[in-house]
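Everything in the sequence shown is counted per the working numbering, starting at 3 for the first residue and increasing by one.
A virtual CB, placed ideally from N, CA and C, is assigned to each residue, including glycine.
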Amino acid sequence: MTVIRFASLLAVFVPISSWAIDAQLSAIDYIGKMGQALQTLNYHGSLVYINDGRVESMQLIHKNDGEGEFERLVHLSGEPREVIRKNDVVTCYLPDSQSVLVGQRRFNNHLFAKLTTNLEQFAPNYGFLTVGKSRVAGKNAHIIEINPKDPYRYGYRLWIEETSNLLLKSELVNAQGEVLEQMMFTQIEIVDHIPEAMLKPAISGDSFTWHGDDEKSKNSLDIDRSWQVANLPSGFVISARYKQQMPNSTQPAEHVVISDGLASVSVYIEPFNAESQSFVGASRMGAVNIFGSVHDDHQVTVVGEVPMPTVEMIAQSLHYSPDSSAEQKAGQ
Numbered sequence: 003m004t005v006i007r008f009a010s011l012l013a014v015f016v017p018i019s020s021w022a023i024d025a026q027l028s029a030i031d032y033i034g035k036m037g038q039a040l041q042t043l044n045y046h047g048s049l050v051y052i053n054d055g056r057v058e059s060m061q062l063i064h065k066n067d068g069e070g071e072f073e074r075l076v077h078l079s080g081e082p083r084e085v086i087r088k089n090d091v092v093t094c095y096l097p098d099s100q101s102v103l104v105g106q107r108r109f110n111n112h113l114f115a116k117l118t119t120n121l122e123q124f125a126p127n128y129g130f131l132t133v134g135k136s137r138v139a140g141k142n143a144h145i146i147e148i149n150p151k152d153p154y155r156y157g158y159r160l161w162i163e164e165t166s167n168l169l170l171k172s173e174l175v176n177a178q179g180e181v182l183e184q185m186m187f188t189q190i191e192i193v194d195h196i197p198e199a200m201l202k203p204a205i206s207g208d209s210f211t212w213h214g215d216d217e218k219s220k221n222s223l224d225i226d227r228s229w230q231v232a233n234l235p236s237g238f239v240i241s242a243r244y245k246q247q248m249p250n251s252t253q254p255a256e257h258v259v260i261s262d263g264l265a266s267v268s269v270y271i272e273p274f275n276a277e278s279q280s281f282v283g284a285s286r287m288g289a290v291n292i293f294g295s296v297h298d299d300h301q302v303t304v305v306g307e308v309p310m311p312t313v314e315m316i317a318q319s320l321h322y323s324p325d326s327s328a329e330q331k332a333g334q
């Protein structure tokens, strides 16, 4: 580095550093308020969801009356579907299969619901930055970037409404800046009250087959904690373990959730037999990457909205260790 170049850096270092710190603090503040607004405000609107070249139109109604949180998501294009949420109970109406799925939301895998408090915990692996302003759905918005500090997670761009702090638009982006997934409101209204009628499903489901999530049965199953991951990207830890009944399988699978607090990866471990068709290698569905392998006579499938190297690393470093009792928290 030349003396002139070094002197130039010294001349601008303090003001640029000060601006960068202010921009990061401002971004963290906006995101924290956004997380609260998404959960506490009453609002309804129309939005589009774009993933893997597919565009879906939806209607979202959200209510919080101080005693509970309620939500209704209606798919307006493609296969008709409705999702109703009352606090942590989620009911999915699927007319095409004449079925209704009812489940307890045991862990919140929604990105923006996590961004409410203690955002500093993400600082080792993500950078937060306010990059400008724009308009979405006729409303002014701050543009916030969440940039990963390594190749093992994706980045995000958020458009947060200036007054209400509601999220108007979000993009999931890869290391090349390509948009993998996008959600955007085309119209949104914040109201004081949401009538009960707006939260009732248009699909009755009376003649459908109802599938319940038997939590008592699931909790009574022994969780095998011997499955461990020897090598995890920085910040990722095993955050939860479940037993889960998989489609077309007579035996429940081990479900291991691995997260850095923002991105989540699911690991499904099923007993493998000679009649089963193994899945080995990589696959992709839009922003979701999948990697399969066979370990100790078990089919292992790793799924997540993370880059392929992440799911591959987890799949290849999974091992069965009967003597292990502590959760693996080693970072790379």
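Measure the C-alpha to C-alpha separation of D262 and I240 and round it to an integer number of angstroms.
-> Answer to the nearest angstrom: the Cα atoms are 9 Å apart.
Any idea which residues DSSP pairs L103 with across the strands?
-> Its beta-bridge partners are C94, H213.
Within its chain, find whatever has a CB closer than 7 Å to the CB of W229; leave out the 5 residues flanking it on each side and keep chain order.
-> Listed in chain order, the non-local C-beta contacts of W229 below 7 Å within the same chain comprise E256, V258, I271, L320, Y322, local neighbours out to five positions each way being set aside.
May I have a chain-ordered list of the beta strand (DSSP E) segments no shorter than 3 residues that lie completely inside the region 241 to 329?
-> Segments of the beta strand (DSSP E) lying fully in the region 241 to 329: 254 to 261, 266 to 273, 283 to 287, 290 to 297, 300 to 306, 320 to 322.
Beta-carbon separation of A139 and L169 under 8 Å?
-> At least 8 Å separates the beta-carbon of A139 from that of L169.
Under the rule that 16 or more other beta-carbon atoms within 10 Å means buried, what is H144, buried or exposed?
-> Burial call: buried.
F274 vs H300 beta-carbon contact at 8 Å | Their beta carbons are under 8 Å apart, which means F274 touches H300 by this criterion.
T312 to Y154 span [Cα, whole Å] = About 5 Å.
Note down, in chain order, each residue of its chain lying with its Cβ closer than 6 Å to the Cβ of N89, except the 5 sequence neighbours on either side.
-> Around N89: G70, E71.
With respect to the beta strand (DSSP E) encompassing A125, which residues constitute its N-terminal and C-terminal limits?
-> For A125, no beta strand (DSSP E) segment is defined, and its DSSP state is neither H nor E.
What are the boundary residues of the beta strand (DSSP E) that includes P150?
-> Counting along the chain, P150 sits inside the beta strand (DSSP E) bounded by residues 141 to 150.
What do you reckon, are the CB atoms on D54 and G306 nearer than 8 Å?
-> The criterion of a C-beta distance shorter than 8 Å is not satisfied by D54 and G306.
Of the choices P82, K141, T165, whose alpha-carbon is the least far from that of A39?
-> Closest in alpha carbon position to A39, among P82, K141, T165, is T165.
By Cβ distance below 6 Å, which residues in the same chain neighbour E314 in space, the five residues on each side in sequence not counted?
-> A distance below 6 Å between beta-carbons, with the five flanking residues on each side excluded, links E314 to the following residues of its chain, in chain order: F293.
Would you mind giving the Cβ-Cβ distance between M60 and L43, rounded to the nearest angstrom? I have them listed as a contact below 8 Å.
-> The pair is not a contact, with the Cβ atoms about 18 Å apart (cut-off 8 Å).
With a threshold of 16 other CB atoms inside 10 Å of the CB of A317, please say whether the residue is buried or exposed.
-> Answer is buried; the Cβ neighbour count reaches 16.
Give the DSSP bridge partners of S136, in chain order.
-> For S136, which the question treats as bridged, DSSP gives the partners A143.
Which same chain residues, not among the five before or five after P150, have their C-beta less than 7 Å away from its C-beta?
-> N127, Y128, Y156, G157.
Confirm, please, whether the CB-CB distance from I63 to R56 is below 8 Å.
-> Cβ distance not < 8 Å, so R56 and I63 don't count as in contact.
Buried/exposed call for G80, threshold 16 Cβ in 10 Å | In the assembly as shown, G80 is an exposed residue. Its beta-carbon has fewer than 16 other beta-carbons within 10 Å.
If S205 sits next to Y51, beta carbons under 8 Å apart, how far is it from one beta carbon to the other, in whole angstroms?
-> Checking the sequence, you will find Ile at residue 205 rather than Ser. At roughly 20 Å, the Cβ-Cβ gap does not stay under 8 Å, so I205 and Y51 are not in contact.
Alpha carbon to alpha carbon, what distance is there between A242 and R227?
-> Cα to Cα, the separation comes out at about 10 Å.
Just curious, the beta strand (DSSP E) that E58 is in, first and last residue?
-> First-last of the beta strand (DSSP E) with E58: 56 to 66.
Opposing strand residues paired with S48 [DSSP bridges] = S48 pairs with Q61, Q189.
Residues near P324 in its chain [Cβ-Cβ closer than 8 Å; skip 5 each side] | For P324, the CB contacts under 8 Å within the same chain, skipping 5 residues up- and downstream, are S228 in chain order.
Leaving out five residues on either side along the sequence, give the residues of the same chain with a beta carbon under 6 Å from the beta carbon of N111.
-> Here N111 scores only 41 on pLDDT, less than 50, and its place in the model is too uncertain to base an answer on.
Nearest neighbour of L201, chosen from M36, V85, L234 [CA to CA] | Among M36, V85, L234, the Cα nearest to that of L201 is on V85.
In terms of alpha-carbon separation, which member of G207, I260, W212 lies closest to N233?
-> Selected option, being the one with the closest Cα: I260.
Compare the beta carbon distance of L160 and S172 with 8 Å and say whether it is the shorter of the two.
-> Yes.
Given that a residue counts as buried once 16 or more other Cβ atoms are within 10 Å of its Cβ, and exposed if not, what is E163?
-> Label assigned to E163: buried.
Contacts around S295, its chain only, beta-carbon distance under 7 Å, and the 5 residues preceding and following it disregarded | A distance below 7 Å between beta-carbons, with the five flanking residues on each side excluded, links S295 to the following residues of its chain, in chain order: V282, V302, A317, Q318.
If we count the other Cβ atoms within 10 Å of its Cβ and call it buried at 16 or more, is T132 buried or exposed?
-> With a threshold of 16 other beta carbon atoms within 10 Å, T132 meets it and is buried.
Can you check DSSP and say which residues form a bridge with I162?
-> DSSP lists H144, L169 as partners of I162.
Residue burial classification, E147 (beta-carbon count within 10 angstroms, cutoff 16) = Answer is buried; the Cβ neighbour count reaches 16.
Which class does Q38 belong to by DSSP, given the choice of helix, strand or coil?
-> For Q38, the secondary structure class from DSSP, reduced to helix, strand or coil, is helix.
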